[in-house]
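Quick mapping for you: the protein sequence lines, in order, are chains A and U. Offset between the first sequence (1-based) and my numbering: plus 24. Offset between the second sequence (1-based) and my numbering: plus 6. The structure appears right after this line, and notes come after that.
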Amino acid sequence: MARKVIWLLLLSLFLLTGLCCAAKGVMVDGQEIRRIGGWPAKSEEHVRANFHDDIEYVYLATIGDMMEALRQRKIDAIAMSRVFFNALCAEGEKGIAVLGDPIGQTNYAFVFAYSEHGDRLRGEFNAFLRTLKESGALDEMKGRWISGETPPVEPPNLSGENGTLAIATDGSCPPLIYLSDGKLGGYEAELLERFCMERGYDFKFTVANFEANLASVSNGQNDIGINAAEYTPERAETFRFSDVTFTDDCVLVVRAKKGTGEGIWATLKEKIERALIRENRWKMMLSGMGLTLTITLSSVILGTLLGFGLCFAYREGYSLLNRALDLFSRFLAGMPVVVLLMVFYYIVFSGMNVNGVIVSVLVFSLLFAFSVFGLLQSGAASVAKGQTEAALALGFSERQAFRKFVLPQAIRTFFPAYQTEIVTLLKSTSIVGYIAVQDLTKVADLIRARTFDAFMPLIVISVLYLILTWLFQRITDWMLTKLNPRNRTADEILRGVRP
Amino acid sequence: MSGALLRIEHLKKEYPGVTPLKDVNLTVNEGEIIAVIGSSGCGKSTLLRQINQMERATAGKIFLRDEEITAPGYRTDLLRQKIGMIFQSFNLFSHLTVVENIMAAPVELLGRSRQEAYDRAKELAAKVGLSQKLLSYPDELSGGQQQRIAIVRALAMEPEILLFDEPTSALDPTMVGEVETVIRKVAEMGVTMMIVTHDMEFARKISTRVLYMDEGGVYEDGSPEQIFERPQREKTRQFIHRLKVLTLSVESREFDFIGCHIAIEAFGQKNGLPNDVVRSLMLLFEELVTQLLLARLPEPPRILWTVEYEPKSECAEVSVRYNGEPFDVMESDNEISLRIVRGSAANIRYTAEKGELPNCLSLIVCHHEAIVDR
């Protein structure tokens with residue numbers, strides 16, 4: 025009886041969730057819309073206000089992702105500001121159209137910290153913004169940027185007599201803010217430059233994703249967040265917004281009724297051109313690849329050294345140290361790497377001006393050291409006990425017995441796992457974008473945001489990651505042949521001896 | 007003090023739940039070749055591992071040339087450089103060639119030059135007939151060859167004493183000979199040795215002194231002739247002759263008669279006694295105990311029935327001890343039973359002794375093809 029009731033409850037729960045999740049869909053201008061994609065915050069509010077729960081809202085990180093989802097019919101429409109639609113068209117996107125009337129308005133603003141310093145800076149900026157509005161210069165700027173064009177950037181000459189501002193940006197919302205050949209461009213960038221020129225500041229900027237930027241501004245690592253940040257009252261509780269810098273209609277963007285009719289090769293060629301050639305983006309890819317390689321290689325080297333050190337220290341048998349090591353390794357193993365990375369960057373090194381690359385190397389070295397430590401332990405356990413006994417019986421100390429006889433034999437079981445760990449490390453470095461490091465994955469994100477094409481940059485970095493993996497595999501294979509004592513020649517074995 | 011190389015005083019080793027060594031006292035003189043024998047688990051290997059401090063004693067002292075090596079803070083690594091050990095499973099370093107196995111310790115620990123160590127390694131390897139294998143890896147050698155190299159590796163440290171822990175137990179029978187030959191050769195070089203072994207023939211031939219270990223200590227200590235031919239103590243004798251012993255005791259007229267029969271049968275099966283011997287033993291038990299003795303003994307009767315079986319001669323020696331006034335059970339008047347007893351056994355002998363069970367009847371039961379030679 026009780027069982028039947030439980031089954032019935034489960035069944036009704038299942039049906040209910042099904043009912044809740046299956047959005048009914050709405051008709052807009054004769055087109056059926058079930059799923060709408062976009063950023064969280066303002067666009068979502070507009071969609072909810074217009075269509076209530078009749079549609080499903082899908083969160084997507086970049087405009088490129090939204091476009092890819094739209095093309096692949098994973099969503100029926102994108103809710104976005106008209107200026108981004110204009111930018112898509114200006115970039116050469118032909119298969120899209122605006123559907124119906126705007127569904128609301130979105131305000132954009134700069135983000136400051138809730139601190140004395142933040143308040144002062146914000147006051148200065150708001151005052152500057154007012155003069156710009158009064159003089160009509162702001163409207164003139166809007167008029168220029170609203171078209172969606174993203175011209176190459178000419179960096180201004182800034183005196184910096186009153187200091188340098190640290191800017192956090194994701195640089196991926198053209199034409200409001202974008203990266204072009206490593207320089208910051210767009211409506212918001214121009215606003216920033218004008219502000220700096222007027223007040224005698226210079227600025228430097230760090231590129232990281234949106235959430236990480238907001239965090240770095242609120243904890244004081246950066247002065248201003250410039251991210252095409254949408255103003256919402258909820259966000260205003262945590263972050264101090266400037267006055268509105270830009271207001272725009274929020275529209276629904278859908279697939280155009282008719283196909284473009286362009287050949288697949290022409291499209292592909294254009295995609296490659298956009299992903300790699302334009303604005304020397306291949307250079308960005310290469311530098312991202314270089315950074316990924318640097319972080320991985322440094323972490324492998326440092327982590328291996330540290331791992332061996334930990335293993336030797338552990339074998340000395342200080343119970344307190346060993347307990348601490350066990351505890352710490354369990355702590356590390358239980359944390360998602362991305363969380364660990366952010367904890368180190370935003371909490372441990374909070375307020376300190378430490379480069380994200382250094383923090384990444386630090387975190388990954390630590391993680392790698394503890395995997396090496398674990399692998400060495402199990403490798404040593406796989407060596408027959410008699411080997412240690414024989415060494416001890418000859419008069420070697422415990423330490424000598426381990427280093428000279430156990431360790432060289434442990435390498436055989438250690439090494440294959442070690443190789444796997446290296447490849448795992450290489451792949452897990454792809455999250456360093458969270459702490460403002462422009463590695464290969466982050467570069468691809470930036471290019472995707474810039475070109476609104478999710479497809480080609482992903483293909484390119486997949487290939488580049490495969491190349492890196494192959495490279496590490498080859499290096500470690502070579503190391504293994506060098507380390508295998510069986511590969512020594514008779515001369516090497518009998519060095520210093522006349523047979 | 008004396009010229010003793012090694013002196014062990016009141017050595018005790020305790021593990022949780024078992025105490026293999028209760029009280030060991032031993033003096034080893036220079037040049038002695040000592041075979042240590044005894045049944046499995048009697049603490050032979052444990053004793054060896056105490057000597058080179060691979061395990062620490064629970065109590066007691068060990069002296070090497072009057073220096074106490076069991077003293078706290080004594081450098082065991084330096085001690086072990088002077089004491090060589092050969093293991094049952096060879097334990098050659100599998101990632102190193104034969105020559106590196108031999109050279110490692112002299113170069114690293116004694117500071118010998120590589121050339122010097124190499125020359126010595128080559129010379130020693132030649133002595134055991136393996137100079138062609140210097141650049142081979144251990145897994146390319148047979149078990150016998152590996153053990154020969156292990157002996158050379160220990161010798162290269164010029165130890166004061168060599169400990170062999172069952173050096174041939176892990177070997178294929180065809181390879182035992184070559185290793186034993188090498189050990190004999192080393193013995194001729196005058197190196198002091200202690201050899202734990204199960205191979206009695208080898209122990210007898212090679213040793214100058216034999217230790218039989220039992221009851222947690224050195225049970226009997228003597229020349230090989232004494233231990234193997236004239237063992238002085240009961241358990242040594244049983245061990246040397248590989249005697250199988252069955253003891254039954256009867257303490258009431260209502261004893262478990264069937265249980266005793268089953269015990270004799272099981273004893274026979276377990277130790278491979280010929281069927282006719284088992285049958286005779288059962289018959290003898292019935293006639294002697296139930297028919298003859300229980301009829302005569304005072305209340306309460308006490309009979310101790312012991313069978314010692316020697317597999318080599320296929321003969322079982324039976325001794326029946328019983329209480330009461332001295333009397334020879336073979337002088338009873340139950341002629342039928344007496345005839346059966348006489349027909350099943352030989353060498354029937356009665357002796358009267360002092361003690362709780364003063365009467366003792368001994369007799370021998372043999373397989374019908376075996377010859378009684380005692």
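Beta carbons are placed, not taken as given, at the ideal position from N, Cα and C, and that holds for glycine. Fair warning: this is a prediction, and the values are worked out from it, not measured in the lab.
Would you report the Cα separation of residue i and residue j, rounded to the nearest angstrom?
| i | j | result |
| --- | --- | --- |
| residue 238 of chain A | residue 64 of chain A | 14 Å |
| residue 378 of chain U | residue 318 of chain U | Low confidence applies to residue 378 of chain U: its pLDDT is 47, below 50, so where it sits in the model is not reliable enough to give any reading. |
| residue 262 of chain A | residue 215 of chain A | 23 Å |
| residue 194 of chain U | residue 37 of chain U | 10 Å |
| residue 28 of chain U | residue 207 of chain U | 28 Å |
| residue 17 of chain U | residue 10 of chain U | 17 Å |
| residue 81 of chain U | residue 156 of chain U | 24 Å |
| residue 380 of chain U | residue 357 of chain U | Because residue 380 of chain U carries a pLDDT of 40, less than 50, the predicted location of this residue cannot be relied on, and the following value inherits that uncertainty. If I take the Cα positions, the gap works out to 17 Å. |
| residue 184 of chain U | residue 59 of chain U | 29 Å |
| residue 213 of chain A | residue 342 of chain A | 57 Å |
| residue 334 of chain A | residue 396 of chain A | 9 Å |
| residue 225 of chain U | residue 217 of chain U | 7 Å |
| residue 259 of chain U | residue 331 of chain U | 18 Å |
| residue 8 of chain U | residue 34 of chain U | Any reading at residue 8 of chain U needs caution, since the residue's pLDDT is 47, under 50, leaving its predicted position unreliable; the model's value is listed next. If I take the Cα positions, the gap works out to 11 Å. |
| residue 192 of chain A | residue 422 of chain A | 54 Å |
| residue 54 of chain U | residue 84 of chain U | 17 Å |
| residue 425 of chain A | residue 349 of chain A | 23 Å |
| residue 331 of chain A | residue 502 of chain A | 21 Å |
| residue 354 of chain U | residue 268 of chain U | 25 Å |
| residue 133 of chain U | residue 168 of chain U | 17 Å |
| residue 281 of chain A | residue 66 of chain A | 27 Å |
| residue 416 of chain A | residue 384 of chain A | 42 Å |
| residue 98 of chain A | residue 189 of chain A | 41 Å |
| residue 388 of chain U | residue 187 of chain U | Beyond the ends of chain U as shown, which are 7 and 380, falls residue 388 of chain U; an answer cannot be given. |
| residue 446 of chain A | residue 482 of chain A | 22 Å |
| residue 93 of chain A | residue 494 of chain A | 31 Å |
| residue 338 of chain U | residue 320 of chain U | 30 Å |
| residue 169 of chain A | residue 201 of chain A | 10 Å |
| residue 311 of chain A | residue 463 of chain A | 8 Å |
Need the endpoints of the beta strand (DSSP E) that residue i sits in, please.
| i | result |
| --- | --- |
| residue 29 of chain U | 24–35 |
| residue 91 of chain U | 89–92 |
| residue 42 of chain U | 39–43 |
| residue 132 of chain A | 120–136 |
Could you tell me which residues DSSP pairs with residue i in its beta bridges?
| i | result |
| --- | --- |
| residue 224 of chain U | U:219 |
| residue 60 of chain A | A:81, A:101 |
| residue 55 of chain A | A:52 |
| residue 382 of chain A | Answer by DSSP bridge pairing: none, since residue 382 of chain A is not bridged. |
| residue 236 of chain U | None, per the DSSP bridge assignment. |
| residue 250 of chain A | A:193 |
| residue 220 of chain A | None, per the DSSP bridge assignment. |
| residue 313 of chain A | Answer by DSSP bridge pairing: none, since residue 313 of chain A is not bridged. |
| residue 311 of chain U | U:254, U:326 |
| residue 15 of chain U | U:67 |
| residue 207 of chain A | A:204 |
Quick check on the DSSP output: the alpha helix (DSSP H) that includes residue i runs from which residue to which?
| i | result |
| --- | --- |
| residue 52 of chain U | 50–57 |
| residue 128 of chain U | 120–133 |
| residue 432 of chain A | 431–452 |
Give a yes or no on whether the minimum CB-CB distance between residue i and chain D is below 8 Å.
| i | result |
| --- | --- |
| residue 238 of chain U | The structure shown contains no chain D; its protein chains are A and U. |
Handout entry: Residues in the region 120–152 of chain U having any Cβ partner in chain A nearer than 9 Å
Key = From the region 120–152 of chain U, only 120, 121, 123, 124, 125, 128, 140, 141, 143 have a Cβ closer than 9 Å to chain A.
Exercise for the section: Return the residues of the region 391–412 of chain A that lie within a Cβ-Cβ distance of less than 7 Å from chain U, sorted by chain order. Expected result: 410, 411
Problem - the region 167–174 of chain A contacting the region 100–112 of chain A, beta-carbon criterion three pairs below 8 Å - result: yes
Problem - Contact residues within the region 160–171 of chain U, judged by C-beta distance below 8 Å to chain A - result: When C-beta distances to chain A are compared with 8 Å, the residues of the region 160–171 of chain U below that value are 160, 163, in chain order.
Handout entry: Contact set between the region 414–433 of chain A and chain U, restricted to residues whose Cβ is under 9 Å from the partner
Key = 414, 415, 416, 417, 418, 419, 420, 421, 422, 424, 428, 429, 432, 433
Practice task
Mind the definition here: the region 88–97 of chain U touches the region 160–172 of chain U only if three or more C-beta pairs lie below 8 Å; say whether that holds.
Solution key: yes
Practice task
State whether the region 102–114 of chain U contacts the region 132–141 of chain U, with contact taken as three or more CB pairs (one from each stretch) at a distance under 8 Å.
Solution key: yes
Exercise for the section: Quick one: which residues of the region 47–69 of chain U get their C-beta closer than 8 Å to a C-beta of chain A? List them in chain order. Expected result: 58, 60
Exercise for the section: Output, in sequence order along the chain, the residues in the region 326–343 of chain A whose CB is closer than 9 Å to any CB in chain U. Expected result: none
Problem - Cβ-based contacts, 9 Å cut-off: residues of the region 485–509 of chain A near chain U - result: 508, 509: these are the residues of the region 485–509 of chain A whose beta carbon lies less than 9 Å from some beta carbon of chain U, given in chain order.
Practice task
Evaluate the contact criterion for the region 265–279 of chain U versus the region 303–322 of chain U: three or more CB pairs, one atom per stretch, below 8 Å.
Solution key: Verdict: yes, contact present.
Exercise for the section: State whether the region 40–55 of chain U contacts the region 510–518 of chain A, with contact taken as three or more CB pairs (one from each stretch) at a distance under 8 Å. Expected result: no
Problem - Members of the region 186–211 of chain A near chain U, C-beta cut-off 9 Å - result: Correct list: empty, as no residue qualifies.
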